[in-house]
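End of the sequence shown = 995 in the working numbering, gap-free, step of one. Contents: one structure, followed by commentary.
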Amino acid sequence: MKNTMLAYTKNILETVSFDSQLFCKELEKALKLLLPYEIEQLTEWLLEYTVKKPELRKCLVYINN
931 MKNTMLAYTK
941 NILETVSFDS
951 QLFCKELEKA
961 LKLLLPYEIE
971 QLTEWLLEYT
981 VKKPELRKCL
991 VYINN
């Protein structure tokens, strides 16, 4: 049950990954809701996920803020 919000966030991000603006918007919303350790896990997932979709890498700037 602990990773429910994280899993939901990953699912949403995968669903909207066709549009980088929407992806960034959803990522920004998720970062406001997730706990610090979940953000760390999401960051690791994002680094792996964006290897296949380099157009989404620009959204990683939200993680560093």
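Ideal Cβ positions, reconstructed from N, Cα and C, are used throughout, including at glycine. If you're wondering where the values come from, they're calculated on a predicted model, not measured in any experiment.
Specify the secondary structure class of K983 as computed by DSSP and reduced to three states. The residue labelled residue 983 in the question sits at position 53 within the sequence shown. K983 falls in the coil class under three-state DSSP.
Roughly how many whole angstroms lie between the Cα atoms of E968 and Y938? Within the sequence shown, numbered from 1, the residue matching residue 968 stands at position 38. Within the sequence shown, numbered from 1, the residue matching residue 938 stands at position 8. So the two alpha carbons sit approximately 12 Å from each other.
Excluding five sequence neighbours on each side, which residues of the same chain lie with their C-beta closer than 7 Å to the C-beta of L963? Translated into positions along the sequence shown, residue 963 becomes position 33. So the list reads M935, once near-sequence residues are dropped.
Can you round the beta-carbon distance between Y992 and L961 to whole angstroms, since I take them to be within the 8 Å contact cut? Looking up residue 992 in the sequence shown gives position 62. Looking up residue 961 in the sequence shown gives position 31. Taking C-beta atoms under 8 Å as the contact rule, Y992 and L961 qualify, at a distance of about 6 Å.
Select from F948, T945 and K955 the residue whose C-alpha is nearest the C-alpha of C989. Taking the first residue of the sequence shown as 1, we reach residue 989 at position 59. Minimum Cα distance to C989 is reached at K955.
Starting from Y992 and walking both ways along the alpha helix (DSSP H), at which residues does that stretch end? Stepping through the sequence shown from its first residue, residue 992 is reached at position 62. No alpha helix (DSSP H) contains Y992, which DSSP labels as neither H nor E.
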